[in-house]
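Asks: Residue numbers (the working numbering): 1 to 750.
Handing you a structure now.
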């Protein structure tokens, strides 16, 4: 038959190729399988397969981390405002590239990755404002355009005026009402008190609800404009006078205004699920959801005092009172005997502009020597609202010191990691985690198939009291191991672990009293990695002593007072906490990159799953499920199955670790099981209304019940509408996800 002739050269090639593969297999088997009797010396490339963490090199790394270098990094990074896509930001792109391409201390590779992203800026010619307008149209009060010039930093011409990014332009005018934190329940309480919110302006304080939610919620009740301020009760421990605030202490001065992105979701708003490139389809702007539907403007508490302390109407509840030095009333409108008449309106003037700008990520690489196709990732965003000394330059300063030390070790030939390490300096994070999200979208398949873990250090130092770490349960072990090895900056006789346990702890049924590892929301660039890609993620920082302050976050957050002077005087004098974070995060990084078998423990997930089950298996929650014939028995069975599989895998790993030269194939299989476990909890159909959220265990939760997020929210909805089908659906989703995860941990069938 035509075309069926024998192709001997092809067959010969196949035979020779097979022989070569067989030879490699024999070598691997011969040298990798432990033997009782001495054998021939293995080739170097075979010995490299069993390369493990070198404690001496780990100690060498930590000893080289220099607080003075971090201080100088921070001084340079925060010397100018560097809002996303501005000249200050572009200058830092070049700084990162030059550092990571340095021939003596640089990385193997550094590249700039650009995206065309949708951003929002104030009009420099038309300042936003909040004004009190009298009946004759004159302004009896206008909010400050900029913060007070307390140090030279606030006078920099590149300081952006306070604004709410993505708030629409407009000039709504109406009677002012005080709506506490702008939660749905807050607006409902005003309605219950007989206050008509139609065509009103609401003034709300930060906290309680997301920035955008304050405006979105208000609009649903008829509010046509929103003003947002930071109450000294929430961030200054009640202190409000100039003598008690910066530059005399770390507390926010009266003129300080918290800028921010008023955006519910993350990633570029016009290109959800796709990278914002020139070829990418962009949805129409009117299809964007999760941003304010009404003009919104932030102000300082100095200006908020003028407005709130002159309101009329019912007295606000005790829980709504703050520290402006007066009794808070609800409105609507002003007192007749105050500086404004009760006929005066408040006008919110917003002139924001939306446009597409080019934003850059800077990505650096140290190639792995044994498993170059396995990535350990470390990231921090670069852009800030103003000088951003703490947010995010403290994190960038730490990252630059880590890369300097590791780059030097690589260039000098003293070290190369087992796995590849990728460093990311993400752009436009402040507008909604844009740089990191676009990166995960562009390289979705590669990152999901190859990434071992992602470590985020955004704000490295909120304050200098203790470590604060967040992460998925799988990461608990490696964070604890690193924290045990680093000294506390405050007391050389105490480890970071012990100091952490003193400040934040919990009682574990397995380990006893241990530090409390926080859960991951969507507050920084870890979000797309864990929620979208299912990559084991963690976030680390040093923070304040909760027994000494109730500050919602560090007081100068997102203001023109977040400067090098502020950081050096009040956040971390001596930069020893920065140094400690660099040592701890770097320790975690090296353990993930160099340990033969990944230092991740699936058993800790089993403990968390049981806790989430137990939260649902009690009280009114359980009784309501029973009344609607919904059983948690399948959920407990799935968790028990998972715990059994996790214990068996841990036992298998322990046996591998006892072997002098474990089979590289068995090591790789165990590592893949650990790496892929987090992916097993993904269900892209579980939360269709939530962009990017597909991690069934770690997704956002609006319900107060600390159980599985989908189940908790479905239960809360069922209590309101009486429909329990979504509860059954989400119970199915979580049972399936846990069973799926258990199967990942079970031995590979032969």
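We treat Cβ as the ideally placed atom computed from N, Cα and C, and that holds for glycine.
So what's residue 341 in DSSP terms, helix, strand or just coil?
Replies: Here residue 341 refers to the residue found at position 341 when the chain shown is read from its first residue. Residue 341 falls in the coil class under three-state DSSP.
Asks: Among residues of its own chain, excluding the 5 on either side of residue 131, which ones have a beta-carbon nearer than 6 Å to its beta-carbon?
Replies: For the purposes of this step, residue 131 is identified with residue 131 of the chain shown, where counting begins at 1. Cβ neighbours of residue 131 beyond the five flanking positions: 139, 142, 347.
Asks: What did DSSP end up calling residue 173 once you bin it into helix, strand or coil?
Replies: The sequence position of residue 173 within the chain shown is 173, counting from 1. Residue 173 falls in the strand class under three-state DSSP.
Asks: Could you give the residue range of the beta strand (DSSP E) that holds residue 469?
Replies: Taking the first residue of the chain shown as position 1, residue 469 is located at position 469. Residues 466-471.
Asks: Out of 594, 562, 566, 371, which has the shortest C-alpha to C-alpha gap to residue 57?
Replies: As a working mapping, residue 57 is identified with position 57 in the chain shown. Closest option to residue 57, Cα to Cα, is 594.
Asks: In terms of residues, what are the limits of the beta strand (DSSP E) holding residue 189?
Replies: Taking the chain shown and counting its residues from 1, the one referred to as residue 189 is at position 189. First-last for residue 189: 184-192, but that is the alpha helix (DSSP H), not the beta strand (DSSP E).
Asks: What is the DSSP secondary structure of residue 713, counted as helix, strand or coil?
Replies: Taking the first residue of the chain shown as 1, we reach residue 713 at position 713. In the structure shown, residue 713 sits in a helix (DSSP, three-state: H, G or I).
Asks: Would you give the residue range spanned by the alpha helix (DSSP H) that residue 277 belongs to?
Replies: Indexing the chain shown from 1 puts residue 277 at position 277. It is not in any alpha helix (DSSP H) - residue 277 carries neither H nor E in the DSSP assignment.
Asks: Where does residue 678 land, buried or exposed, given buried means 16+ other C-beta within 10 angstroms?
Replies: To locate residue 678, count along the chain shown from 1; it is residue 678. Buried.
Asks: Give the secondary structure of residue 257 by DSSP, where H, G and I count as helix, E and B as strand, and everything else as coil.
Replies: Counted from its first residue, the chain shown places residue 257 at position 257. Residue 257 falls in the coil class under three-state DSSP.
Asks: Please name the residue in 699, 180, 106, 94 whose C-alpha comes closest to that of residue 401.
Replies: If you number the chain shown from 1, residue 401 lands on position 401. Residue 106 is the option with its Cα nearest to residue 401.
Asks: Return helix, strand or coil for residue 701, following the three-state DSSP convention.
Replies: Walking along the chain shown from the start, residue 701 turns up at place 701. Residue 701 falls in the coil class under three-state DSSP.
Asks: Can you list, in chain order, the residues of its chain whose CB lies under 7 Å from that of residue 159, leaving out five sequence neighbours each side?
Replies: What you label residue 159 is simply residue 159 of the chain shown in a count that begins at 1. The residues are 81, 146, 386, 560.
Asks: What would DSSP say about residue 555, mapped onto helix, strand or coil?
Replies: Reading the chain shown from its first residue, position 555 is the one you call residue 555. Of the three classes helix, strand and coil, the one that applies to residue 555 here is coil, per DSSP.
Asks: Along the chain, where does the beta strand (DSSP E) that runs through residue 377 open and close?
Replies: To locate residue 377, count along the chain shown from 1; it is residue 377. Note, residue 377: beta strand (DSSP E), 371-381.
Asks: Within 8 Å, do at least three Cβ pairs link the stretch 449-464 to the stretch 523-538?
Replies: yes
Asks: What three-state label does DSSP hand residue 282 in the structure shown?
Replies: Counted from its first residue, the chain shown places residue 282 at position 282. Residue 282: coil per DSSP, three-state reduction.
Asks: Does the beta-carbon of residue 489 have 16 or more other beta-carbons within 10 angstroms, so that it is buried, or is it exposed?
Replies: Counted from its first residue, the chain shown places residue 489 at position 489. Answer is buried; the Cβ neighbour count reaches 16.
Asks: Can you list, in chain order, the residues of its chain whose CB lies under 6 Å from that of residue 425, leaving out five sequence neighbours each side?
Replies: Locating residue 425 in the chain shown gives position 425, counting from the first residue. For residue 425, where only same-chain residues beyond five positions count, the Cβ hits under 6 Å are 96, 362, 382.
Asks: How would you label residue 655, buried or exposed, when you count the other beta carbons within 10 angstroms and need 16 or more for buried?
Replies: Position 655 of the chain shown, counted from the first residue, corresponds to residue 655. Label assigned to residue 655: exposed.
Asks: Which runs of the beta strand (DSSP E) fall wholly inside the stretch 211-237 and span at least 3 residues, in chain order?
Replies: 225-229
Asks: Is the stretch 215-225 touching the stretch 183-198 in the sense that three or more CB pairs, one from each, lie closer than 8 Å?
Replies: They touch, by the three-pair rule.
Asks: So, residue 256 versus residue 567, is the Cβ gap smaller than 8 Å?
Replies: Numbered from 1 along the chain shown, position 256 holds the residue referred to as residue 256. Numbered from 1 along the chain shown, position 567 holds the residue referred to as residue 567. In this structure, the beta-carbon distance from residue 256 to residue 567 does not fall below 8 Å.
Asks: Between residue 684 and the ligand MG, is the CB less than 7 Å from at least one heavy atom?
Replies: Inclusion of the ligand MG in the displayed structure is not the case, the ligand content being empty and no account of it being possible.
Asks: Within a Cβ cutoff of 7 Å, which residues of the same chain sit near residue 734, ignoring the five residues on either side of it in sequence?
Replies: Position 734 of the chain shown, counting from 1, holds the residue named residue 734. For residue 734, where only same-chain residues beyond five positions count, the Cβ hits under 7 Å are 635, 696, 708, 710, 711.
Asks: From this set, 465, 237, 524, 225, which residue's C-alpha is nearest residue 502's C-alpha?
Replies: Along the chain shown, one-based indexing puts residue 502 at 502. Selected option, being the one with the closest Cα: 465.
Asks: Give the range of the beta strand (DSSP E) segment to which residue 109 is assigned.
Replies: Counting from 1 along the chain shown, the entry for residue 109 is found at position 109. Unbroken beta strand (DSSP E) run through residue 109: 109-121.
Asks: Does the pairing of the stretch 193-206 with the stretch 319-332 give three or more beta-carbon distances under 8 Å?
Replies: They touch, by the three-pair rule.
Asks: Look at residue 197 and residue 389 and say whether their C-beta atoms are less than 8 Å apart.
Replies: As a position in the chain shown, residue 197 is number 197, starting the count at 1. As a position in the chain shown, residue 389 is number 389, starting the count at 1. Cβ atoms of residue 197 and residue 389: not closer than 8 Å.
Asks: Could you name the residues that DSSP lists as bridge partners for residue 364?
Replies: In the chain shown, the residue the question calls residue 364 occupies position 364. Beta-bridge pairing links residue 364 to 110, 423.
Asks: Can the beta-carbon of residue 533 be found less than 8 Å from the beta-carbon of residue 440?
Replies: To locate residue 533, count along the chain shown from 1; it is residue 533. To locate residue 440, count along the chain shown from 1; it is residue 440. For residue 533 and residue 440, yes; Cβs fall inside 8 Å.
Asks: Can you give the Cα-Cα distance for residue 486 and residue 379, rounded to whole angstroms?
Replies: Counted from its first residue, the chain shown places residue 486 at position 486. Counted from its first residue, the chain shown places residue 379 at position 379. Their Cα atoms are separated by approximately 21 Å.
Asks: With a CB to CB cut of under 6 Å and the five nearest residues on each side skipped, what residues in its chain are close to residue 209?
Replies: Position 209 of the chain shown, counted from the first residue, corresponds to residue 209. Excluding sequence neighbours, residue 209 sits near 181, 182, 183.
Asks: Shortest alpha-carbon distance to residue 127 belongs to which of 161, 103, 148?
Replies: By 1-based counting over the chain shown, the position of residue 127 is 127. The option with the nearest alpha carbon to residue 127 is 161.
Asks: Using only the alpha-carbon positions, how far apart do residue 659 and residue 61 sit?
Replies: As a working mapping, residue 659 is identified with position 659 in the chain shown. As a working mapping, residue 61 is identified with position 61 in the chain shown. Their backbone Cα atoms lie some 28 Å apart in a straight line.
Asks: Under 8 Å, Cβ to Cβ, is there at least one residue of chain C near residue 178?
Replies: Here chain C cannot be found, since the structure has a single protein chain.
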